[in-house]
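Written out below as structure tokens is the structure these notes cover.
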Amino acid sequence: MAPERSVHWLGDELQSKARQCWTTPKPIDVPILSLAFSWLLSHDAVSSVIAGASNADQVRANANAVRTLNADVIAQLDELTS
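Per this note's numbering, the very first residue in the sequence shown carries number 5; after that it's consecutive.
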């Protein structure tokens, strides 16, 4: 990775935001995959999520991941990722 990119991806601010996003699903009991897919799809500008899979179990998990998140969780994630 180019040094100018690694500064962004490995910087303290982004790492802190990632940790906060990781801890968000525990209080609402949503797996991180579901949280990520569901949050992305909660935005009108996003029509689909392209997910990779290496086996049939991962395809099934991706297909069943989307859940309805409440507005507070969406707002919290929006704030963390802005």
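In this text, a Cβ means the ideal position worked out from N, Cα and C, and glycines have one as well.
Bear in mind that the values here come from a model prediction, so they are computed numbers and not experimental data.
To the nearest angstrom, how far is the alpha carbon of residue 16 from that of residue 51? Approximately 31 Å, taken between the alpha carbons.
Out of 62, 38, 43, 56, which has the shortest C-alpha to C-alpha gap to residue 84? Here the closest residue by C-alpha is 43.
Should residue 77 go down as buried or exposed, given a rule of 16 or more other Cβ atoms within 10 Å for buried? Buried is the label assigned to residue 77, since at least 16 other Cβ atoms lie within 10 Å of its Cβ.
Roughly how far, in whole angstroms, is the beta-carbon of residue 55 from the beta-carbon of residue 66, given that I think they are within contact range, below 8 Å? Contact flag correct, Cβ pair sits at about 4 Å.
On the DSSP letters alone, give me the boundaries of the alpha helix (DSSP H) that residue 85 sits inside. Residue 85: member of the alpha helix (DSSP H) spanning 75–85, first to last residue.
With a threshold of 6 Å on Cβ separation, who are the neighbours of residue 5 within its own chain once the five nearest residues in sequence on each side are excluded? Nothing meets the Cβ criterion.
What three-state label does DSSP hand residue 39 in the structure shown? Looking at residue 39 - three-state DSSP - the assignment turns out to be helix.
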